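**Student:** Numbering (UniProt numbering), first residue to last: 1 to 192.
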Amino acid sequence: MVLDREGSIADWTVTQLVERMRRPRYRCGGGVAACLSIAQAAALTDLVRRAAKQQLPREVADTLAEDLERIAASALAQAERDRVALDELLSALRMDQRSPSATVAAERASTVPLETADLGLALSALIRSVLPHTPSFAASDLEAARALCRAGIEAALAMARANLPLLSPERAEVLQREILQRRALLSEHAQA
């Protein structure tokens with residue numbers, strides 16, 4: 001992992017983040033937006049967990065707190081991995097689209113967002129577990145968390161799909177099936 005370009009996203013102010021997302025040199029595309037949506041959704045879910053603490057069994061609340069913290073931290077770290085994957089892909093494509101390094105970079109640029117989608121799906125399951133215990137005054141926060149989580153997963157799947165044309169047809173087909181599997185899981189979570 002090489003890309004730094006003025007530090008970690010987790011250390012940027014919101015203003016810096018918004019400004020830097022507009023500039024290609026920072027490599028903050030849709031994959032980073034997906035990660036940040038998932039991190040925000042985890043934070044909002046934790047806010048609701050705290051509001052629902054009285055209704056949740058203590059061991060469930062404690063485990064949930066740890067899981068939400070892990071997902072939020074993982075999503076921020078994943079944003080950095082996504083930036084590196086995008087940087088490597090763009091560098092390789094500038095050299096030669098048909099080179100082995102371009103193929104490796106395209107593969108990574110497809111699989112990193114799939115990992116992001118997996119984080120979002122794990123969070124989606126946690127959100128569903130909090131739903132029955134949510135006090136009415138916090139329901140809108142949990143609804144916002146669900147929407148952010150869903151948007152993060154959708155964005156991650158879009159980023160994974162965008163790089164499939166750069167892969168061999170066989171590998172692209174395998175990854176397309178993985179994308180469809182995750183989309184099916186997302187639909188299941190949305191109906192629950």
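Virtual Cβ for every residue (Gly too), placed ideally from N, Cα, C.
Since the model is a prediction, treat every value here as computed from it, not as a measurement.
Taking 8 Å as the threshold, find out whether the segment 15-28 comes into contact with the segment 99-118 through three or more Cβ pairs.
**Tutor:** The segment 15-28, when compared against the segment 99-118, does not touch it at the 8 Å Cβ threshold.
**Student:** Would you say the beta carbon of E115 comes nearer than 7 Å to a heavy atom of the ligand HEM?
**Tutor:** What this structure holds is no ligand at all, so the ligand HEM is not there to describe.
**Student:** Throw me the rounded Cβ distance for the I9 and E80 pair, which I believe falls under 8 Å.
**Tutor:** With 8 Å as the limit, I9 and E80 qualify as a contact, their Cβ atoms being about 6 Å apart.
**Student:** For the segment 95-131, list the beta strand (DSSP E) runs that are entirely contained and at least 3 residues long, ordered along the chain.
**Tutor:** Qualifying beta strand (DSSP E) stretches: none in this window.
**Student:** Select from V14, Q55, G30 the residue whose C-alpha is nearest the C-alpha of S129.
**Tutor:** The shortest Cα separation from S129 among V14, Q55, G30 belongs to Q55.
**Student:** Where does the unbroken alpha helix (DSSP H) through A10 begin, and where does it stop?
**Tutor:** No alpha helix (DSSP H) holds A10; DSSP gives it neither H nor E.
**Student:** For S74, does the three-state DSSP call read helix, strand or coil?
**Tutor:** Correct three-state label for S74: helix.
**Student:** How many whole angstroms separate the CB atoms of L86 and G29, which I take to be in contact at a CB cut-off of 8 Å?
**Tutor:** That belief holds up - the Cβ atoms of L86 and G29 are roughly 6 Å apart, short of 8 Å.
**Student:** Measuring only the C-alpha atoms, how far is L142 from T45?
**Tutor:** Those two C-alpha atoms are separated by around 6 Å.
**Student:** Please determine if the segment 145-165 and the segment 35-49 are in contact, where contact requires at least 3 C-beta pairs separated by less than 8 Å.
**Tutor:** As far as the Cβ criterion goes, the segment 145-165 touches the segment 35-49, which means the pair count is three or higher.
**Student:** Reducing DSSP to helix, strand and coil, say where S136 ends up.
**Tutor:** Note: S136 maps to helix in three-state DSSP.
**Student:** Let me know the secondary structure DSSP gives C28 once reduced to three states.
**Tutor:** The answer is coil: DSSP assigns C28 none of H, G, I, E or B.
**Student:** Roughly how many angstroms lie between the CA atoms of E6 and R98, to the nearest whole one?
**Tutor:** Going by the C-alpha atoms only, they are around 31 Å apart.
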